[in-house]
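See structure below.
2 protein chains.
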Amino acid sequence: MSSPVSFPFKTSIILNRSINRHLYLQLCDQIVGFIKSGKLSPSTKLPGSRKLSEDLAIHRKTVVSAYDELIAQGWIESIAAKGTFVSQDLPIITPKQLHKSSIFKDVINIGGFKFKHRSHLKRKRIASGKDFLKVGDGAPDHRLAPIEDIARIYRNYTKKTHYKELLAYGDIYGNIELRQALVSYLNQTRGLKISVDNVLITRGSQMGIYLASQLLLNNQKTIITGNTNYMTADTTFIEAGGIIEQVSVDKYGINTNEIETLCTSKQISAVYVTSHHHHPTTVTLSAERRMHLLNLAYTYKFAIIEDDYDYDFHYSNAPILPLASNDNYGNVIYIGGFTKIIAPALRIGYFIASKDVIDEAAKLRRIIDRQGDTLLEQTVARMIINGDVQRHSNKVKKIYKTRRDLFCKLLQEKLGSYFIFKIPKGGMAVWVRLDTRYNWDTVMAEALKHQLDFNQEWKRYDNDNSGHNGIRMGFAALNEEEIITVIKKLELIMKTVSISKTTP
Amino acid sequence: MSSPVSFPFKTSIILNRSINRHLYLQLCDQIVGFIKSGKLSPSTKLPGSRKLSEDLAIHRKTVVSAYDELIAQGWIESIAAKGTFVSQDLPIITPKQLHKSSIFKDVINIGGFKFKHRSHLKRKRIASGKDFLKVGDGAPDHRLAPIEDIARIYRNYTKKTHYKELLAYGDIYGNIELRQALVSYLNQTRGLKISVDNVLITRGSQMGIYLASQLLLNNQKTIITGNTNYMTADTTFIEAGGIIEQVSVDKYGINTNEIETLCTSKQISAVYVTSHHHHPTTVTLSAERRMHLLNLAYTYKFAIIEDDYDYDFHYSNAPILPLASNDNYGNVIYIGGFTKIIAPALRIGYFIASKDVIDEAAKLRRIIDRQGDTLLEQTVARMIINGDVQRHSNKVKKIYKTRRDLFCKLLQEKLGSYFIFKIPKGGMAVWVRLDTRYNWDTVMAEALKHQLDFNQEWKRYDNDNSGHNGIRMGFAALNEEEIITVIKKLELIMKTVSISKTTP
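From first to last, the protein sequence lines stand for chains C and X. Using our numbering, the letters of the first sequence correspond one by one to residues 1 to 504. Using our numbering, the letters of the second sequence correspond one by one to residues 1001 to 1504.
This is the structure:
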């Protein structure tokens, strides 16, 4: 750790009491700016809160709040008996500049050998205790999973000698009956025009994103995502060696004009879209932008990774067909899965693309985990053919719609003064933005005291300070009683938070 | 394709009739040498067989045999009505020089976008028809899989409300009960001294090899393997960006003196060993070399990836404890799984290492496929705790021993004049070398005519011309009747092959 404070905080920081942004947030913004621009380098010691408050002629609490916020965001760290320092492991700063070489570092194991440390990947944080009520960021309710049906069909297959073959080494493309069943299922429900050669079975959508990234993004190739975007997708792209360029997201989805501008200035390899319900904000990509994006892909020769993670859950009207249904030239890699319909732990997904891309993805998949669980794949094939999957999906859709309606109604009635949100047309979560008078870290800390666990390891989608200030609150996994409890707890939490905010 | 033949074959090739190596193989060796050294570059046209046989004063058949062999090995290719050319896609030449940049090339998809083509990864070839008798390279007999037990235990869990939790998003490290069960199981059966923090559940050993490679081998780091080695491991290392250095393998296993020499000249990041039964040759790493290797790892600070794929199958005496049981400093990453004991399609394996390595591997695994099938993992945990796994393993071990004995006895009696092999002390395959008067491609082509399918997509383990001339013949998946049939068919095949060889 370097020690002397040489940076001229006093003259560099300019706070403006006349603009509508809290002083402590203005202070945060400017310190983050200095860190991003390299004026404050990792391990630089920051002035004490007393010193800085005197220099800037502000209340010491303002500096403390700013430091707390910056610590929570990972920009700075406090070391006992030493002081406060710019973090050695900085959070993702400007995603545009991120690529492998800058975020992998070698660390030394206890055996003395080096291995790669991935600062862009995070471990899931330790789950809270059993007494906690958990609100995820959009998981299905596993209590509704048709597991008895699955276990029964699965077991029936094990009793038939013919199906013992399914236990041997199998096709790296996946169980052929499932691939065939998916061809009909996806052509019927999504308007695709695929054949079995276009289908690779994966372990859920995540493996699809991983495979696509590894295929498309080596050596600092550029992928465009929305700002903000599904965090796990971003880290998967970075892991593959890609560079992320962000474009804005508004109520019509990802901004395709900004994509076009980027295409004219540099080579774009891929665009990642969650077209049906943008993750995290839940907006649907407009018809006009869909056609624009497809045309851009054809013109500028990039791939569209269409992650259709919750196509089956649309409540207000019929779902909009995916981009893949209008893909005349083979530009779309369409990714989906059954984890949201059936159960998160039974990881079966699909990766749909032109045959040449499928062949390469299958080769790669072979050395990752060889193949899928063929018996489970056969079981899911049977459930699609029998109509079980569709019946179950319709059943839970009704339940989730009721839950959405209740959750949103109560959120508006009881907490409308703290949170800003729109009722999502589908999916399993509401994109909830917090009034900028408050910050999520305080809310979350208070929530834990009330045994309410949002379990958001990436709880903020504005870590590049884009001002979204939102989190996803999953309603689908909560029954009505639990929804009522969550809202009651949130009322108590926000009351405490707002009192502490106004008390000097 | 370039056309004029400018390379001076006549003066460059020197054949020696007095040494104990077939002329056509001497010719092969030298042409491969020219290709490897760059004297013959891809797409160079080779002289016609008539021309070359005249230039070298040898029988034209010798040139034809040499060309056939080189085509089979992938060094050259024949193009109808044009002639024979050095291949554009050369096989793995000198593994030492292999790394990502040289083997990935971008190809253009029908949609116009570029994606990575991996020439080092192969697709599984199309399986032969149902009437074919299949001899793998060491798979277990899936017909013996305890699938009824699995399905029963699995279904019982699905009936208990408490276990419904297993269907939700779970721990990226794997099911905790399985991790705990593995701690006792591995400490008892392998002499390890691990705790739950050292255990990551994977999808079979292959995912373990993949994770270790991604952690250790970025940016052209060097890994040492045996020559020859398990092909899928080699391709996984190359995929991760590693460079492979090979050392020889003899009857004591991988040569650790050669490893030491390499360590003194360059930075080694990892050594890959299949210590229990070297893949493919089945030899066991000697006690002396084990200690030597562990000491080298400590001294030169490299990781040992110990792939213990068939520890449970040792027939002649007690299995030798893995290197991991003597790893005092945390240098060993120990990889194994249940696919060989239970069933290839139920992919559950383990990755054992120091906690810091486990944490990084888990983070990476999270973006590959999120997590394992928790319900299946719980089922396997129960089977370990109940002793079902050990009972089943003992049961099949007896069966496989009987099969090994029968297979080796008949192979010696009926085919001893064609094949050279040693009775393997364990495992599921015999390393069968072919008398150099014959070549495997001819044998395999004839085998297919006899509806015998060795299904070896990488059927040769001497593709860098190390002269092994061997393949693995799996006996474990064949019952006694099938073994007798295989041997009978092989007798017919070798008779045909040897007649065609001696007839002018």
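We put the CB at the ideal spot given by N, CA and C, even for glycine. It should be emphasised that the depicted structure is a prediction, and the values quoted were computed from it without experimental measurement.
query	result
Segments assigned beta strand (DSSP E), at least 3 residues, entirely inside the stretch 1303 to 1381 of chain X	1303 to 1307, 1332 to 1337, 1349 to 1352
Cutoff 7 Å; reference K1449 of chain X; Cβ partners in own chain excluding five residues on either side	none
Beta-ladder partner(s) of T1084 of chain X, from DSSP	X:L1046, X:S1078
Same chain, Cβ closer than 6 Å to Q1030 of chain X, five either side skipped, listed in chain order	I1013
Span of the beta strand (DSSP E), counted from its first residue to its last, around I243 of chain C	243 to 250
Interface residues of the stretch 293 to 325 of chain C facing chain X [CB-CB below 8 Å]	A297, Y298, K301, F302, A303
Chain-ordered chain C contacts of A1429 of chain X [CB-CB under 7 Å]	Per Cβ cutoff of 7 Å: no residues; A1429 of chain X is ~14 Å from chain C at best.
Residues of its chain near F34 of chain C, where Cβ-Cβ distance is below 6 Å and the 5 sequence neighbours each way are ignored	L40
Where the alpha helix (DSSP H) through T202 of chain C begins and ends	It is not in any alpha helix (DSSP H) - T202 of chain C instead sits in the beta strand (DSSP E) that spans 199 to 202.
Neighbour flag for R347 of chain C against chain X, beta carbons, 8 Å	yes
Boundaries of the alpha helix (DSSP H) in which N1187 of chain X is found, first to last residue	1176 to 1190
Residue from C:R179, C:N218, C:G208, C:Y210 with nearest C-alpha to V199 of chain C	C:R179
Beta carbon proximity, N227 of chain C to chain X, threshold 8 Å	no
Contact with chain C by F1132 of chain X, beta-carbon distance below 8 Å	no
Environment of Q1214 of chain X [buried if 16+ CB atoms lie within 10 Å]	buried
Contact with chain C by V1486 of chain X, beta-carbon distance below 8 Å	no
Residues of the stretch 1272 to 1294 of chain X with Cβ closer than 9 Å to any Cβ of chain C, in chain order	none
Contacts around I986 of chain X, its chain only, beta-carbon distance under 8 Å, and the 5 residues preceding and following it disregarded	Outside the shown range of chain X, which is 1001 to 1504, sits residue 986 of chain X, and nothing can be said about it.
CA-to-CA distance, N219 of chain C to G1427 of chain X, given in whole angstroms	41 Å
Three CB pairs or more closer than 8 Å across the stretch 355 to 369 of chain C and the stretch 142 to 162 of chain C	no
Minimum Cβ-Cβ distance from R1472 of chain X to chain C less than 8 Å	no
Residue environment, T505 of chain C, which counts as buried when at least 16 other CB atoms sit within 10 Å	The first residue shown for chain C is 1 and the last is 504, placing residue 505 of chain C beyond what the model contains.
Proximity of I384 of chain C and A181 of chain C at Cβ, strictly below 8 Å	yes
Exposure of N386 of chain C, with buried meaning 16 or more beta-carbon neighbours within 10 Å	exposed
Backbone CA spacing between V1432 of chain X and S1043 of chain X [nearest angstrom]	34 Å
Rounded straight-line distance, which links the Cα of R365 of chain C to that of I352 of chain C	14 Å
Reference E260 of chain C, options C:Y252, C:K251, C:V247, closest by Cα	C:V247
Residue from X:L1027, X:F1115, X:E1054 with nearest C-alpha to L1070 of chain X	X:L1027
E177 of chain C versus T282 of chain C - alpha carbon distance	33 Å
Exposure label - K116 of chain C; buried when at least 16 CB within 10 Å	buried
Proximity winner among X:I1244, X:L1294, X:I1304, relative to A1270 of chain X (alpha-carbon distances)	X:I1304
Members of the stretch 1234 to 1249 of chain X near chain C, C-beta cut-off 9 Å	T1235, T1236, E1239
For A151 of chain C and G512 of chain C, the rounded distance between their alpha carbons	Summary: the structure shown does not reach residue 512 of chain C, with chain C confined to residues 1 through 504, and so no result is reported for it.
Sufficient close CB pairs (3 or more, under 8 Å) joining the stretch 1247 to 1257 of chain X to the stretch 1386 to 1398 of chain X	no
Min CB distance R1190 of chain X to chain C below 8 Å	no
T374 of chain C versus L346 of chain C - alpha carbon distance	12 Å
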